[in-house]
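Residue numbers (this note's numbering): 693 to 1095.
Below: one structure, written as structure tokens.
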């Protein structure tokens, strides 16, 4: 794999840390600002919505800038947002900082996915995308647990200051390791928008929203669920997040490997199993060992869907993949925002801290239905193409008779 993928993974590590670390610190932040847990959950929702809207906006702006420079500018925005969060005197200011940082997220992964795919042979594209996303998953094994530990020990503000420093490292990595890539020539906004006329692109994005939303429905509220229901001590949230992160790393790599071989079967298995595991989490959350295993499985099954869904968007948006790729990253975060909000709603009306797991199971099951629908439409299109090809007259070579 090219060394430039390491730079992309470094940037992804910083972004992944700031995205997920807030989940382990929701009780601390809520207590510090004097707001409820569901209200603090808006820090997840706000970040996710920022990614959703920022992804297409920053990507369109990025078509005018060489890719390496754009990636560096995005990391600068990420640094500024995290510094604002670290210094925020009020909850609204911290929410603004989260949104500023989130604006870099979608475009970084969207542009990064295209760069990663272009750096390798066609049959290795999903693996290259998975390699970049490894930075995001490793963040959940190292960055998020350490950030949670620091936040619980010396204050969550220190955590976000450290995350800003991670952004500086990511910026340096991109500057040093990513080659000078010219901006894509001949790319017009109307060409990029044309990808959204493809039904398969839209279905892949819908699967992304629902499937990954299922993960976030449960994981957004993992801290109160594990401490109030499973009976873990506050400090145990750190190693539970390590388990989640380890699952993400494994699922991401397996998803990347098998997506290059059998993309749709990989989606069937991962989405179906995710729906089942999330439903069972309402029961396993009452037992320490069972809940720990379940947290690992949610991470693994959730991130096994990432490389195949991202590759499917790139495959069907061929010719103008950058905006579609970035919008699909936004779709992940639309799912995050939807699930975090729905999870807060069911908790707020009194269904308890395990209720978001049912929300997640329904979302994942809906994504599985869309996967079957997508495959059925693709088979119908293929059959129609073959029928048309078979009905065309075949030219027969003329035979010249010599006397």
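The beta-carbon is built from N, C-alpha and C at its ideal position, and this holds for glycine as well.
Only a predicted model underlies this, so the values are computations on that prediction, with no experimental measurement involved.
Residue of the options minimising C-alpha distance to residue i
{"i": "residue 1030", "options": "869, 900, 948 and 976", "result": "900"}
{"i": "residue 1056", "options": "996, 870 and 849", "result": "996"}
{"i": "residue 933", "options": "921, 948 and 912", "result": "912"}
{"i": "residue 1027", "options": "941, 898 and 983", "result": "898"}
{"i": "residue 983", "options": "931, 961, 950 and 1022", "result": "931"}
{"i": "residue 893", "options": "847, 792, 1006 and 812", "result": "1006"}
{"i": "residue 829", "options": "1039, 1065, 972 and 937", "result": "937"}
{"i": "residue 971", "options": "910, 1070 and 1076", "result": "910"}
{"i": "residue 887", "options": "859, 834 and 1013", "result": "1013"}
{"i": "residue 806", "options": "1017, 1034 and 825", "result": "1017"}
{"i": "residue 736", "options": "823, 813, 885 and 914", "result": "914"}
Beta-carbon proximity of residue i to residue j, cut-off 7 Å
{"i": "residue 1025", "j": "residue 743", "result": "yes"}
{"i": "residue 935", "j": "residue 981", "result": "no"}
{"i": "residue 709", "j": "residue 839", "result": "yes"}
{"i": "residue 783", "j": "residue 725", "result": "yes"}
{"i": "residue 916", "j": "residue 729", "result": "yes"}
{"i": "residue 1032", "j": "residue 993", "result": "no"}
{"i": "residue 866", "j": "residue 1058", "result": "no"}
{"i": "residue 773", "j": "residue 789", "result": "yes"}
{"i": "residue 832", "j": "residue 940", "result": "yes"}
{"i": "residue 925", "j": "residue 977", "result": "no"}
{"i": "residue 778", "j": "residue 853", "result": "yes"}
{"i": "residue 694", "j": "residue 776", "result": "no"}
{"i": "residue 975", "j": "residue 1063", "result": "no"}
{"i": "residue 822", "j": "residue 948", "result": "yes"}
{"i": "residue 745", "j": "residue 998", "result": "no"}
Cα-Cα separation between residue i and residue j, rounded to whole angstroms
{"i": "residue 1002", "j": "residue 953", "result": "15 Å"}
{"i": "residue 955", "j": "residue 1046", "result": "32 Å"}
{"i": "residue 1072", "j": "residue 985", "result": "40 Å"}
{"i": "residue 732", "j": "residue 739", "result": "12 Å"}
{"i": "residue 781", "j": "residue 791", "result": "16 Å"}
{"i": "residue 705", "j": "residue 962", "result": "24 Å"}
{"i": "residue 945", "j": "residue 864", "result": "26 Å"}
{"i": "residue 868", "j": "residue 855", "result": "20 Å"}
{"i": "residue 1038", "j": "residue 896", "result": "27 Å"}
{"i": "residue 843", "j": "residue 723", "result": "13 Å"}
{"i": "residue 1048", "j": "residue 1035", "result": "4 Å"}
{"i": "residue 890", "j": "residue 851", "result": "42 Å"}
8 Å contact criterion, which residue i and residue j should meet: CB distance rounded
{"i": "residue 991", "j": "residue 943", "result": "6 Å"}
{"i": "residue 712", "j": "residue 836", "result": "5 Å"}
Would the segment 900-913 count as touching the segment 1037-1056 if we require 3 or more Cβ pairs under 8 Å? yes
Quick test of the definition: if touching needs 3 or more C-beta pairs under 8 Å, does the segment 752-769 touch the segment 814-822? no
Touch test, the segment 861-875 against the segment 753-764, Cβ-Cβ under 8 Å, three pairs minimum: yes
Meets three-Cβ-pair contact criterion under 8 Å: the segment 795-811 and the segment 743-754: yes
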